[in-house]
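Here the working numbering is used: position 48 in the sequence shown is 58, and no number is missing along the way. Glycine residues also receive a C-beta, built at the ideal position from the N, C-alpha and C atoms. Just so we're clear, the structure is a prediction, and the values are computed from it rather than from any experiment. Accompanying notes for the structure given below.
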Amino acid sequence: DFAVSTVPVCGGARLKNFCSMGGPDTIIISNGDGAKKTLRMMEQLTDHHYDVLTVPEESAANCIYVKGPSKRDFLLHRPAEECPDSVS
């Protein structure tokens, strides 16, 4: 069972536009002001600690974590051309 909370989203966007799960205990979030405010609210609403990976672009934070078979997990994300500032 998982606890669920309603998270008010700042900046008039959808949560998935600037925040995704990057693993069981990792949140990927863009570094925009609305995303930062939303993250602070999320941290206040939970007792669970998440690692946070901050990326420079909203498009880079919009990804899908897939828990695969045999402990092989995947992170589906946009191509590098759509978020060049987030590629190292």
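Query	Result
For Phe12, three-class secondary structure by DSSP	coil
Three-state secondary structure (DSSP) of Asp61	strand
Asp94 versus Asp35 - alpha carbon distance	Position check: residue 94 holds Pro in this sequence, whereas Asp was assumed. Cα-Cα distance, rounded: 25 Å.
Top-ranked residue by Cα proximity to Gly32, from Gln54, Pro66, Asp43, Lys77	Lys77
CA-to-CA distance, Ser96 to Pro18, given in whole angstroms	26 Å
Terminal residues of the beta strand (DSSP E) in which Thr36 lies	36 to 40
Whether Val65 touches Ser98 by CB criterion (8 Å)	no
CB contact flag (Ser15, Asn72, <8 Å)	no
Per-residue DSSP class, three states only, for Cys20	helix
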